[in-house]
Amino acid sequence: MATDYFGVLGLAREASDADIKRAYRRLARDLHPDVNPDPEAKERFQEVTRAYEALTDPEKRRIVDLGGDPFETGGGAGANGFGGAGFGGLGDIMDAFFGGATTRGPRGRTRPGRDALIPIELELDEAVFGTVKELTVDTAVLCDVCAGAGTAPGTHVTTCTTCSGRGEVQSVQRSFLGQVVSSRTCPTCAGTGTVIPEPCAKCAGDGRVRARRNISVKVPAGVEDGMRIRLTGQGEVGPGGGPAGDLYVEVHERPHDVFTRDGEDLHCRVTLPMTAAALGTTLNLKTLDGEEELVITPGTQSGSVLTLRAHGAPRLRATGRGNLVVHVDVVTPTRLDGEQERLLRELAALRGEDQPESNREAQGGLFSRVRDAFHGR
Ligand SMILES: [Zn+2]
Ligand SMILES: [Zn+2]
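Its first residue numbered 1, the sequence shown is counted upward by one per residue in my numbering.
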């Protein structure tokens, strides 16, 4: 059956080319192996990349539009279709990143280290303007006594006698089908083909030791909650002194008292007395860049939205900044004293508002709009 490539990208069949591009970019930003070490994310990334290719390559798109599957080559090859022409060597990049396929024969003592993930908490202004954070990382580093070899000074690895250096042992079983020869990883050397007769005293033959170290992480301006900063080669050193994995620093943004963040925009609320909203005023508004004058025009309504351009968060990997969006709440006064009440009554009388009409009779009020919607007008 043909795969629903629109569905893979979370799109409906009517999606435009721009929609496809946008959906793919959004998904790739979360799933790309450079930012997301999760193996499941890698699979998803391959899926969405394939869907993107199927929908944007004219030849493949023609097959999709005819109800076929451009990656289905018959004989059930679908699962291996990824990595074909047009991917620009992406498969190779994946293999380099994830260690690639397993090979037969003895495997080296030296293996790549794992990636590590460290969460950091940032204040809003640190995330918006960028910062440098000092982190203490507790990780595996190269053993300085044996330099990763795992052997005591002056000694060497020797060939494993159980498997004669092949890394695997074979066993022969008789069954009603005849002799079945099966091979499995050598239990003595764990497949490496060598043993360490005298392990290094410091690392017990592992080639690495645990250590704490301090690193500084440059957080770029505009990072958002949940984003990961990749520090190449700052993860743990592999067994046998193998190349270090990467360290991912995951950003967590602390909630701010005044501002809430929506991508590159910041939002805040201001409350205004009814009189100030009616007469207009100028507020000194605290922003992340310091105080700014905010002009309230006479007759401002509760629920109005004012925008301070370029007072939001910088755009990551682009120029410019988002906006600061100010939501206005107009406050009706409570607990009026005698004089205040008299003045308000006088104002109401002057404006002819001392006997307000109910919704039922009001022209163009909320009630009539609701009624119009009801009758489909
Ligand atoms: Zn050592
Ligand atoms: Zn062995």
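C-beta atoms are modelled at their ideal positions from N, C-alpha and C, and glycine is treated no differently.
For residue i, collect the residues of the same chain with a Cβ closer than 6 Å to its Cβ; drop the 5 residues on either side in sequence, then sort them by chain order.
i    : result
L31  : A41, R44 and F45
Q173 : V180
T287 : H311 and L324
Return the CA-CA distance between residue i and residue j, expressed in angstroms with no decimal places.
i    : j    : result
P273 : V330 : 6 Å
D4   : G226 : 29 Å
F98  : A310 : With a pLDDT of 38 at F98, under the threshold of 50, the modelled position of that residue is not reliable, and the figure given next carries that caveat. F98 and A310: Cα-Cα distance of roughly 41 Å.
R212 : C203 : 15 Å
L336 : L350 : 19 Å
T281 : R317 : 38 Å
I20  : F6   : 8 Å
L124 : T300 : 29 Å
N80  : P106 : In this prediction, N80 scores a pLDDT of 34, lower than 50, which makes its location untrustworthy; the coordinate-derived value is nonetheless stated afterwards. If you take the alpha carbons of N80 and P106, they lie about 26 Å apart.
P197 : S164 : 15 Å
L347 : T319 : 51 Å
P298 : R22  : 41 Å
I229 : R210 : 23 Å
T192 : G108 : 6 Å
T194 : R50  : 42 Å
N284 : I120 : 33 Å
Ordered along the chain, which non-local residues of its own chain (more than five positions away) have a Cβ less than 8 Å from that of residue i?
i    : result
I118 : L135, V137, L247, Y248, V249 and E250
R377 : With a pLDDT of 49 at R377, under the threshold of 50, the modelled position of this residue cannot be trusted, and the question is left open.
S183 : E168, V169, Q170 and S171
Using three-state DSSP, classify residue i as helix, strand or coil.
i    : result
K42  : helix
G240 : helix
R342 : helix
R210 : strand
R335 : coil
G151 : The displayed chain sequence assigns Thr, not Gly, to residue 151. Strand at T151.
A140 : strand
D65  : helix
R317 : coil
T56  : helix
I'd like the list of long-range same chain contacts for residue i, defined as Cβ closer than 7 Å, with 5 residues on each side in sequence excluded.
i    : result
D289 : H311
I215 : L135, V137 and Q234
What do you reckon, is the C-beta of residue i under 7 Å from a heavy atom of ligand 4?
i    : result
V157 : This structure lacks ligand 4; its bound ligands are ligand 1 and ligand 2.
Bridge partners of residue i, per DSSP?
i    : result
E168 : T185
L308 : L324
Q173 : V180
K21  : The partner list for K21 (beta bridge, DSSP) is empty, contrary to what the question assumes.
P119 : E250
T260 : H267
D329 : T271
K286 : E291
### Task
Give every residue whose Cβ lies closer than 5 Å to any heavy atom of ligand 2, listed in chain order.
C160, T162, C163, C186, T188 and C189
### Query
Residues with a Cβ closer than 5 Å to any heavy atom of ligand 1, in chain order?
C143, V145, C146, C200, K202 and C203
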